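Novice: In this text, residue positions in the sequence shown follow the numbering used here: the first is 39, and each later residue adds one. Heads up, the beta-carbon is just placed ideally off N, CA and C, and yes, glycines get one too. Computed from a predicted structure; not experimentally measured. Questions regarding the structure given below will be posed in turn.
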Amino acid sequence: MTTVGRPFPDGFLWGGATAANQFEGGYGTGGKGAALVDVIPRGPLRKSVMAGTLSHRELPEGLHYPGRQAVDFAGNWQADIDLLAELGVGVYRFSIAWSRIFPTGEEAVPDEAGLRFYEEIIDRLLAHGIQPLVTISHFDVPLALIEKYGSWRDRRMIDYYLRYCQVLFTRFKGRVRYWLTFNEINMLLHMPFMGAGLQFAPGEDQEQIKYTAAHHELVASAAAVKLAREIDPENRIGCMLAAGQYYPYSSGPEDVFSALQKNRNVFFFSDVQVRGHYPRYALTQLANEGITLPILPEDEVLLAENTVDFISFSYYSSRLTAADPAVGEKTDGNVIATLRNPHLEVSEWGWQVDPLGLRITLNVLYERYEKPLFIVENGLGAQDQLVAGTVNDEYRIDYLRRHLQAVKDAIYQDGVELWGYTSWGCIDLVSASTGEMSKRYGYVYVDLDDAGNGSGRRYKKRSFDWYRQVIAENGARL
């Protein structure tokens, strides 16, 4: 059965996605406190800071911190939302900056100016018929909580996070229906400071700290699910993971088993959030490594009784693994390195382009959990050239067309239940992994360079008109 020319299901949510830490800017304005993104520099020290092995307190002067300015959505939000409305999106995924609501994370009363800022954004979206999909914490922790408690390694973070959630769920009741608790929660294991504000002193057991923090985030996520439903039964609250299947390097059983183990690491968090308990493979692996999870009896009840409504995920590329570490050529794969797959082309940043891999990922997730899915990040980071007020980004259109066709096949040929698709960086933003502006994803070009210089003006790319037509036709013609 061909799906070419067939529209997506009625009610499918088309949209775009951004995050406050890469898009909003507004550092030190409107009462906003400092956050972890504000101390992650661009340049050769960036990865060490993101990994938590180099403290921001030890950085030299004169570095550029791109998240502080980002692309200044804080100063352009009305016009940016109007662009989204012109694009025709039905949903916009964005995140709220925790430190704009609670500047240090410990205040008893939220900052009213911060709440009004997001209230006006949400009201403008709704006036345009755009549903908000809100990420509560997108690589975001108030810096004061990191300095005082060591972030999520401390159980007290759960209470501060829930106070924040209570304010959001109450203030935006009836206006926000879709919520995500943590962005790419599994990234905590790969970039601990960027993902969860974790920093390590020399000699500390990093694995123990990461899994302690992971447990605290999982408990906080379940408690947020419970709270969201108590405040508004109409809320739909989901988890979010960085997805992408690991393929075995060869048909050798050792390589196949290596892929199985790598995929388990991807699913560790969502297994708990969807199934309501730690899987035996994880408990066995952690015990064998001498890692003890700080599980309280009430944690087990909370996890079991408050599983998520849907699974959202990012997908940019598949990955390849071998049992022998000396085998194969390596390439970049987002933050996570992978072996080079000779069957796939790669982007300018070494990310392997695999549309069928998205269909495979959709099938694996749906078969594993049998709950609705939502693609909340997908796209091509590329060098764009602004010529005569536009960008001829046919390469991006080709990437998106092939991936959306794979999505359509997963829906109609495989029976996957998918609520929607929000492509990443619908308006250009700062890359989380590299801190670059030159790694662009959007349908709208923002005139800023890697050093933050430029007019900040917005220009519609060729892909803007293409995606607008895709949405208008509900994906019938890609």
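From the DSSP output, read off the bridge partner residues of residue 248.
Specialist: Paired residue(s): none; residue 248 is not in a bridge.
Novice: Please identify the residue among 85, 125, 88, 71 whose C-alpha is closest to the C-alpha of residue 145.
Specialist: Looking at the Cα atoms, 71 is the closest of the given residues.
Novice: By alpha-carbon positions, which one of 104, 354, 67 ends up nearest to residue 61?
Specialist: The shortest Cα separation from residue 61 among 104, 354, 67 belongs to 104.
Novice: Determine, using beta carbons only, whether residue 497 and residue 483 come nearer to each other than 9 Å.
Specialist: Taking 9 Å as the Cβ cut-off, residue 497 and residue 483 qualify as a contacting pair.
Novice: Is it buried or exposed for residue 49, if we count other Cβ within 10 angstroms and need 16 for buried?
Specialist: By the 10 Å Cβ count, residue 49 comes out exposed.
Novice: Given a threshold of 16 other Cβ atoms within 10 Å of its Cβ, counted over all protein chains shown, does residue 178 qualify as buried or as exposed?
Specialist: By the 10 Å Cβ count, residue 178 comes out buried.
Novice: Between the C-alpha atoms of residue 377 and residue 365, what's the straight-line distance to the nearest angstrom?
Specialist: If I take the Cα positions, the gap works out to 8 Å.
Novice: On a Cα-Cα basis, can you pick out the residue from 333, 367, 307 that is closest to residue 351?
Specialist: The residue with the shortest Cα to Cα distance from residue 351 is 307.
Novice: Near residue 411, what residues of its chain come up, given a Cβ to Cβ distance below 8 Å and the 5 sequence neighbours on each side ignored?
Specialist: So the list reads 348, 349, 350, 351, 400, 403, 404, 454, 455, 456, 457, once near-sequence residues are dropped.
Novice: So, for residue 489: in the same chain, excluding its five sequence neighbours on each side, which residues have a beta-carbon less than 7 Å away from its beta-carbon?
Specialist: Cβ neighbours of residue 489 beyond the five flanking positions: 102.
Novice: Can you tell me whether residue 122 is buried or exposed, with buried defined as 16 or more other CB within 10 angstroms of its CB?
Specialist: So residue 122 counts as buried.
Novice: Where residue 185 and residue 282 are concerned, what is the direct C-alpha to C-alpha distance, given to the nearest angstrom?
Specialist: Going by the C-alpha atoms only, they are around 33 Å apart.
Novice: Taking residue 277 as part of the beta strand (DSSP E), name the residues at either end of that continuous run.
Specialist: Note, residue 277: beta strand (DSSP E), 274-280.
Novice: Is residue 227 closer than 9 Å to residue 252 when the C-beta atoms are compared?
Specialist: In this structure, residue 227 lies closer than 9 Å to residue 252 by Cβ.
Novice: Mapping the DSSP letters down to three states, classify residue 409 as helix, strand or coil.
Specialist: Correct three-state label for residue 409: coil.
Novice: Can you tell me which of 203, 318, 299, 322 puts its alpha carbon nearest to the alpha carbon of residue 269?
Specialist: Residue 269 has its Cα closest to that of 203, out of 203, 318, 299, 322.
Novice: Quick one: complete alpha helix (DSSP H) runs, 4+ long, within the segment 173-226?
Specialist: The qualifying runs are 181-187, 195-209.
Novice: My output table needs one value for residue 53: the three-state DSSP class, helix, strand or coil.
Specialist: Strand at residue 53.
Novice: Could I get the ranges of all uninterrupted beta strand (DSSP E) runs contained in the segment 349-381, with 3 residues as the minimum, in chain order?
Specialist: Within the segment 349-381, the complete beta strand (DSSP E) runs of at least 3 residues are 357-359.
Novice: Quick one: which unbroken beta strand (DSSP E) runs of 3-plus residues sit fully inside the segment 49-119? Chain order, please.
Specialist: DSSP runs (the beta strand (DSSP E)) wholly in the segment 49-119: 51-55.
Novice: I'd like to check one pair, residue 278 with residue 196: are the Cβ atoms closer than 9 Å?
Specialist: For residue 196 and residue 278, no; Cβs fall outside 9 Å.
Novice: Within the same chain, show all residues whose beta-carbon is closer than 6 Å to that of residue 502, passing over the 5 residues directly before and after it, in chain order.
Specialist: Excluding positions up to five away in sequence, the list reads 481.
Novice: Round the Cβ separation of residue 56 and residue 467 to the nearest angstrom and send it over; I've been treating them as touching at under 8 Å.
Specialist: Indeed they touch by this definition, with Cβ atoms about 6 Å apart.
Novice: Check each candidate in 295, 292, 319 and name the one with the smallest Cα separation from residue 305.
Specialist: The candidate whose alpha carbon is nearest that of residue 305 is 319.
Novice: Measuring alpha carbon to alpha carbon, tell me which residue in 297, 188, 286 is nearest residue 242.
Specialist: With distances taken between Cα atoms, residue 242 lies closest to 188.
Novice: Taking the continuous alpha helix (DSSP H) assigned at residue 322, which residues delimit it?
Specialist: Element bounds for residue 322: 318-326.
Novice: Kindly indicate the opening and closing residues of the beta strand (DSSP E) around residue 132.
Specialist: Element bounds for residue 132: 129-133.
Novice: Compare the C-alpha of residue 113 against each of 389, 508, 513, 495 and name the closest.
Specialist: Out of 389, 508, 513, 495, 495 has the C-alpha closest to the C-alpha of residue 113.
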